[in-house]
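Written out below as structure tokens is the structure these notes cover.
Residue numbers (this note's numbering), protein chains in the order written: chain A, -9 to 300; chain B, 7 to 391; chain C, 412 to 780.
Below, the structure written as structure tokens:
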């Protein structure tokens, strides 16, 4: 495939005709992940948007097997699949769990913690759209401070910062984890391919906008995702064994969070001081991440910083 | 060559799983079940059993792991009790709905609060409608045998099966057990042939959304499978007898041919009841015993054939459906209702939370039944009123 | 693949366990959309500014996609017979209009053209369409005469060039290396150009021998007067001439226009005015996020330099197979066929991501009927 901007595996393992909304970040995330993982993979999906997206009892949207499971069981379901396949001699099959933020940050966290601590040989993906979107946009512990959802109305928007799931996973010392963003497909695919070659528990936190849930037009979901990383709202990085940090990308110019917030209806009610507060949080979080990178590498100079980061 | 071992009920279950060559075991500790999986983890560590033991962080995950391992084509096993089984509840539906022949040993333990660790049947009966088969055993040998049989039946009709034994009365009590020759067991129970598997190259969606236009058909198929399971249990129970000398049916009559009065028991209390029947028979009472072994699928025809024409039937329920009455009582009574010459049926609630049900208690139940004339519901025995 | 819908009329149409039997291709989710993405024609400011309308993004694409300098040179020659000359002498209005000026620095289009022209010069030849029996006289060897010669040779005429002295390219001598001009002349001669040196040709005499005469107005300023600048008709029957301009590209363009008119007249075909280029892509439509600031390569000596410089091009209005539309489609509804996107409207839900992420303004959403 000759593409000027991208080096992307040709395999198309996501069929058209799936049931995702227009501009769904979660759907694109799956498409990219499958390109990276290839056909020798099986996936388990707990209750989330993807339960619906993947088809119904008659038709499957993926070119790999999908095992549907209960809301809180994504990680253990994957571990069980791995155990079963291993006993049948299918040891080199990649088994991955694919869950939303609710199924990961909230109801599924016990099972994830268990699987991470036991270092189960699976890859766990959370496609984070920052609320319970499948049930109609209720807040989750992944919902960012200040956001509107149907359970954090404009008069009392979300008043707690987003749970730092990545640090929770890091505390388990898992072999590999990374944050990825659908707006940076090569970074995404590169990390997933890297993870595929590692044994043990691997974790991916995917930034995946939801146009209806964020109240954005469907065509700007990539732009919104890109801005999240450009503004350091969602930095891209990898952690190995819970302690070696590597920031994947340093935005070359400072883009204020307002650029990211102002395009989304869910933040429309924010006042200037709210935006300043968010900017402060974002700065602090990014600085703390940079310190961890520096602690690992002794420098920040090795962080790539192109304008067009792929 | 078969060998004899003195084993607790829990260890009999472990051996049952081992000789069934389970491939994935996932469990979480809970009294009184814990010994089952302790021994299994040793068997795996010692290489006596080629299996993966997944040491999960909850029973919910234990059942989840069994569900997905089974979907991946492995023979899966777990054991639990009471709160643990309750926590599994959601995934029990999953196992049955996905038609996965998982076997679970439930060591009957009463539900908290108040906290308790002793036996009764409310934990397993709370899972009655999940689509699992349920086998209640009377002895440690039967526990061992039933694990093997459970896989044999489950893997033919593709529904999971629960083997239930009483806490402490069986679980922690030692009895001599005959462990059959492994080759013969392998002949009886060949490797698991999954109906469908999650594996690379087969891009199926398993358990995805079914609309109102298709959901009901899957439920109908489950019910038909359960109905078929009656004859499969019977057939395999006979074959088991031919191969190993112990025949099992869904129900087991004891001194019933000429009996006018019948006591129905489920679980270990059956052994106690056998002694009571012997004593009553010595006194010339025309009483017999019916052991209900398999409660799902429910053996309607067998019960009707045995109980029709009897005068009175007393059902001992080590369980209670609050606001209704004993669960076996309600089920058996309703099963007999279509009969013209149906007996009068009384239900006795006894032995909850591990309270002893003695030979004397059972004789008392018999005497009460015989003289009782009113149609009472939920008669409590042994409660300190 | 079998994508027939599964009809469930009875239990037997469903498996025992809840397991899918088909794939979602059955579901034509394209019916959801009320808008659809389409590829639209847009032009780049550079090509619009170029009098010769060289399709600059197209020739640059040949460099960036396949490192194909030959195709790139041929693409230029399609519009401009003498890139070796314009690449040195034209005022490069293309570069003034270049959208990249607003980002960092313009693309060195003129230098690219010169480089490609020079690089290809030894291979260059005139691909003659169809031999015609008509003979054309070109009076004067200035750039307009040479450009007219080139076009008319290509059109198959027997072309006789009459020079006052013995020099072709007389108006640009000294501004372009002699070697290059020599090679350009050789290419024309190889295509059949007949040179008549030191002549004192007169229109009235030539009219007897030649049905068509083209007068280079810089060589013979007073010989004819142009009555219709578009067709080049003059006050003499059968004699044509084109306007000269300070901008050499404009001069060449005018000469080409008249030469094409002569050819269409000779073959009895209708003369068509040049098509207007579609709407120009403005800088606002360029998505900066897909580019990096890079220093322009001002002097191009190697193919590598050319490719490096070409790769800076925004390719305004011309698909350069960047792949954004394909990569970002959540519905796998953009297929990549022959290095270009193809929309599968059976499944495209009309989300518009491809349109919004196209960094060069080629896609548009149009309402569904």
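The beta carbon of each residue, even a glycine, is placed where N, CA and C say it ideally should be.
Closest Cα partner of residue 675 of chain C within the set C:562, C:633, C:497, C:527: Minimum Cα distance to residue 675 of chain C is reached at C:562.
C-alpha gap between residue 248 of chain A and residue 195 of chain A, whole angstroms: Approximately 23 Å, taken between the alpha carbons.
Any C-beta of chain A under 9 Å from that of residue 739 of chain C: Output row for residue 739 of chain C: interface = yes.
Simplified DSSP assignment, three categories, for residue 765 of chain C: Looking at residue 765 of chain C - three-state DSSP - the assignment turns out to be helix.
Which listed residue (A:22, A:30, A:118, A:21) has its alpha carbon closest to that of residue 38 of chain A: Of the listed residues, the one whose Cα sits closest to residue 38 of chain A is A:118.
Contact check, residue 603 of chain C vs residue 539 of chain C, beta carbons under 9 Å: Their beta carbons are under 9 Å apart, which means residue 603 of chain C touches residue 539 of chain C by this criterion.
Chain-order list of residues whose beta-carbon lies under 7 Å from that of residue 43 of chain B (same chain, five-residue window excluded): Cβ neighbours of residue 43 of chain B beyond the five flanking positions: 31, 33, 85.
Under 9 Å by beta carbon: chain B residues contacting residue 437 of chain C: The premise fails here: residue 437 of chain C is roughly 13 Å from chain B at the closest Cβ pair, so nothing lies under 9 Å.
Cα-Cα separation, residue 386 of chain B to residue 172 of chain B: Residue 172 of chain B has its alpha-carbon roughly 20 Å from the corresponding atom of residue 386 of chain B.
Chain-ordered neighbours of residue 214 of chain B on chain C, where CB pairs are closer than 9 Å: Residues of chain C with a Cβ closer than 9 Å to the Cβ of residue 214 of chain B are, in chain order, 429, 430, 431.
Runs of beta strand (DSSP E) lying entirely within the region 693 to 718 of chain C, each at least 3 residues, in chain order: Runs of the beta strand (DSSP E) inside the region 693 to 718 of chain C: none found.
Entirely enclosed alpha helix (DSSP H) segments - the region 171 to 237 of chain B, minimum 4 residues: Runs found: 188 to 194.
Alpha carbon of residue 463 of chain C to alpha carbon of residue 183 of chain A, nearest angstrom: Distance from the CA atom of residue 463 of chain C to the CA atom of residue 183 of chain A, rounded to whole angstroms, is 49 Å.
Neighbour list for residue 701 of chain C in chain A, Cβ cutoff strictly below 7 Å: What residue 701 of chain C touches in chain A: -5, 298.
Coarse secondary structure for residue 229 of chain A, derived from DSSP in three states: Note: residue 229 of chain A maps to strand in three-state DSSP.
Per DSSP, the bridge partner or partners of residue 323 of chain B: BP columns for residue 323 of chain B point to B:355.
Residue 84 of chain A, DSSP secondary structure in three states: The answer is strand: DSSP assigns residue 84 of chain A an E or B state.
Buried versus exposed, by CB contacts within 10 Å (16 or more), residue 35 of chain B: Residue 35 of chain B counts as exposed, since fewer than 16 other beta carbons sit within 10 angstroms of its beta carbon.
Sub-9 Å separation of residue 165 of chain B and residue 78 of chain B beta-carbons: Not closer than 9 Å, so no.
Contact list for residue 419 of chain C against chain B, beta-carbon separation under 8 Å: Within 8 Å Cβ-Cβ: 219, 220, 223.
Three-state class that DSSP yields for residue 303 of chain A in the structure shown: With chain A represented from -9 up to 300, any question about residue 303 of chain A goes unanswered, as that position is not in the structure.
Residue 451 of chain C versus C:761, C:729, C:763, residue with shortest Cα-Cα distance: Restricting attention to C:761, C:729, C:763, the CA atom closest to the CA of residue 451 of chain C is found in C:729.
Counterpart residues of residue 652 of chain C in DSSP-defined beta bridges: Residue pairing from DSSP places residue 652 of chain C in a beta bridge opposite C:626.
Within chain A, partners of residue 29 of chain B - CB distance below 7 Å: Per Cβ cutoff of 7 Å: 77.
Within chain A, the residues that residue 766 of chain C reaches when beta carbons sit closer than 9 Å: The contacting residues are 209.
Beta carbon proximity, residue 507 of chain C to chain F, threshold 9 Å: Given the protein chain composition of this structure (A, B and C), no chain F is represented.
Beta-carbon proximity list for residue 152 of chain B, same chain, < 6 Å, skipping 5 on both sides: Excluding residues within five positions, the ones whose Cβ falls inside 6 Å are 141, 143, 169.
Beta-carbon proximity check, residue 270 of chain B vs residue 357 of chain B, cutoff 9 Å: Cβ distance not < 9 Å, so residue 270 of chain B and residue 357 of chain B don't count as in contact.
Any C-beta of chain A under 9 Å from that of residue 63 of chain B: Chain A contact via Cβ: present.
Rounded C-alpha distance that separates residue 14 of chain B from residue 127 of chain B: Each residue's CA atom was taken as its position, placing residue 14 of chain B and residue 127 of chain B some 20 Å apart.
Beta carbon proximity, residue 202 of chain B to chain C, threshold 9 Å: At least one chain C Cβ lies under 9 Å of residue 202 of chain B.
CB of residue 228 of chain A within 9 Å of CB of residue 299 of chain A, strictly: Not in contact: residue 228 of chain A and residue 299 of chain A (Cβ atoms no closer than 9 Å).
C-alpha distance - residue 251 of chain B paired with residue 102 of chain A, whole-angstrom precision: In this structure, the alpha-carbon of residue 251 of chain B lies about 47 Å from that of residue 102 of chain A.
Rounded C-alpha distance that separates residue 26 of chain A from residue 180 of chain A: Residue 26 of chain A and residue 180 of chain A: Cα-Cα distance of roughly 8 Å.
Through-space distance from residue 390 of chain B to residue 319 of chain B, alpha-carbon basis: Approximately 25 Å between the Cα atoms of the pair.
Unbroken alpha helix (DSSP H) run spanning residue 304 of chain B, endpoints: Careful: residue 304 of chain B lies outside any alpha helix (DSSP H) and carries neither H nor E.
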